[in-house]
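Asker: Residue 206 in this note's numbering sits at position 206 of the sequence shown, with consecutive numbering throughout. Built from N, CA and C at the ideal position, the CB exists for glycine as well. Just so it is clear, the structure is predicted and the values come from calculations on it, not from any experiment.
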Amino acid sequence: MIDYRLGYLLAFIFGSALGSFLNVVIYRVPLGKSIVLPASHCPNCGRAIKPYENIPILSYLFLRCKCAGCGAVISPIYPAVEAGMGLLTVLLLAYFGWSRELLLYGSMTATLLALSVIDIRTFRLPNKIVLTGALIAVVLTLVFFRDRVLSMALGGLTGLALLGLMGLIGRLLFRKDTLGMGDVKLAGMMGLYLGPAHTAYMFVLGIFTGAVVGVAMIAVGGKKWGQRIPFGPYLALGAIISLLWGDSLWQWYWSLVVR
Ligand SMILES: [Zn+2]
Numbered sequence: 001m002i003d004y005r006l007g008y009l010l011a012f013i014f015g016s017a018l019g020s021f022l023n024v025v026i027y028r029v030p031l032g033k034s035i036v037l038p039a040s041h042c043p044n045c046g047r048a049i050k051p052y053e054n055i056p057i058l059s060y061l062f063l064r065c066k067c068a069g070c071g072a073v074i075s076p077i078y079p080a081v082e083a084g085m086g087l088l089t090v091l092l093l094a095y096f097g098w099s100r101e102l103l104l105y106g107s108m109t110a111t112l113l114a115l116s117v118i119d120i121r122t123f124r125l126p127n128k129i130v131l132t133g134a135l136i137a138v139v140l141t142l143v144f145f146r147d148r149v150l151s152m153a154l155g156g157l158t159g160l161a162l163l164g165l166m167g168l169i170g171r172l173l174f175r176k177d178t179l180g181m182g183d184v185k186l187a188g189m190m191g192l193y194l195g196p197a198h199t200a201y202m203f204v205l206g207i208f209t210g211a212v213v214g215v216a217m218i219a220v221g222g223k224k225w226g227q228r229i230p231f232g233p234y235l236a237l238g239a240i241i242s243l244l245w246g247d248s249l250w251q252w253y254w255s256l257v258v259r
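1. Using alpha carbons as the reference points, say which of 195, 114, 111 lies closest to residue 147.
2. Quick one: any contact between the stretch 198-207 and the stretch 241-249, if contact means 3 or more CB pairs under 8 Å?
3. Rounded to whole angstroms, how far is the Cβ of residue 109 from the Cβ of residue 88, which I believe are closer than 8 Å?
4. Which term fits residue 116, buried or exposed, when burial requires 16 or more other beta carbons within 10 angstroms of its beta carbon?
5. Would you call the CB atoms of residue 22 and residue 161 closer than 8 Å?
6. Residue 35: buried (16+ other C-beta within 10 angstroms of its C-beta) or exposed?
7. State the Cα-Cα distance for the pair residue 14 and residue 86, rounded to the nearest angstrom.
8. Tell me, please, whether the stretch 204-220 touches the stretch 88-106 by the rule of three or more beta-carbon pairs shorter than 8 Å.
9. With DSSP run on the structure shown, which of helix, strand or coil describes residue 39?
10. Does DSSP put residue 117 in a helix, in a strand, or in coil?
11. Using only the alpha-carbon positions, how far apart do residue 104 and residue 192 sit?
12. Is the beta carbon of residue 119 less than 8 Å from the beta carbon of residue 233?
13. How do the stretch 94-103 and the stretch 139-154 stand: do at least 3 beta-carbon pairs fall below 8 Å, yes or no?
14. Does the stretch 36-44 come within contact of the stretch 59-79, defined as at least 3 CB pairs closer than 8 Å?
15. Please list, in chain order, all residues of the same chain as residue 220 whose beta carbon is under 7 Å from its beta carbon, the five residues on each side excluded.
16. Indicate, with yes or no, if ligand 1 has a heavy atom lying under 7 Å from the CB of residue 54.
17. Any idea which residues DSSP pairs residue 66 with across the strands?
18. Measuring only from the beta carbon, is residue 23 closer than 7 Å to any heavy atom that is part of ligand 1?
19. Is residue 70 near ligand 1, in the sense that its beta carbon is under 7 Å from a heavy atom of that ligand?
20. With C-beta atoms as the reference, is residue 156 less than 8 Å away from residue 188?
21. Can you check whether the CB of residue 163 is closer than 8 Å to the CB of residue 183?
22. Under the rule that 16 or more other beta-carbon atoms within 10 Å means buried, what is residue 205, buried or exposed?
Structure (structure tokens):
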């Protein structure tokens with residue numbers, strides 16, 4: 001049995017290395033580029049990134065946020081994604097231990113982090129990544145969670161139905177598309193991981209956090225009513241909260257309602 005602190009350290013290192021790969025996905029997939037070739041290079045001067053310059057987070061600090069070749073500023077999104085995935089992996093380990101759940105929900109979280117950053121940067125949720133996430137969910141469920149196949153299918157349908165319905169209502173109310181098809185497919189993909197109940201929590205939490213942040217942004221003057229905000233990150237946040245605390249929140253809600 002390894003010391004639990006060493007376990008968390010290993011989880012953080014593994015998570016940040018995974019984050020480093022997610023950065024490649026985040027920057028290349030929306031441009032239609034291969035995620036395998038060419039090797040990592042500076043987007044400004046094309047200088048190849050040496051192995052010791054490619055260490056998650058540390059290289060960014062060591063290089064003082066600049067390319068060693070041309071001095072171009074490296075986006076803080078890179079270390080943020082690496083640190084974020086490292087911390088999320090530690091959180092999932094604390095919750096699920098070294099288990100098959102860690103593998104399943106770690107895959108879900110990595111997919112969601114990549115899609116959230118892409119959605120914020122480009123307002124798009126590339127089909128390739130959503131379908132890859134769905135495929136991983138199906139394969140892992142068939143291999144490790146044979147008893148959850150029905151729950152997986154129902155979760156996927158729940159996600160598609162809830163977001164599809166929301167899109168339909170939005171279209172009837174505002175006479176324009178308020179929700180992209182990407183959001184509907186994203187919810188379907190997450191439903192495969194979460195099952196029907198947690199998919200429903202995700203939906204409610206996603207709308208709630210989206211509304212709170214949306215109103216806050218309008219209040220401080222950054223956004224206007226009707227301006228499009230990417231919904232993907234809120235769904236992703238809803239999915240993580242639902243996964244870790246959904247059941248507790250549900251019980252707490254009912255304890256308030258039923259006296
Ligand atoms: Zn450069």
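Answerer: So, to answer that:
1. 195
2. yes
3. The beta-carbon distance between residue 109 and residue 88, rounded to whole angstroms, is 5 Å. This is short enough to meet the 8 Å contact definition.
4. It counts as buried.
5. No, they are not a contact pair.
6. exposed
7. When rounded, the distance between both Cα atoms is 7 Å.
8. no
9. coil
10. Correct three-state label for residue 117: helix.
11. Across the structure, residue 104 and residue 192 are spaced so that their CA atoms are roughly 11 Å apart.
12. yes
13. yes
14. yes
15. none
16. no
17. 73
18. no
19. yes
20. yes
21. With respect to residue 163, residue 183 sits close: the two C-beta atoms are nearer than 8 Å.
22. Burial call: buried.
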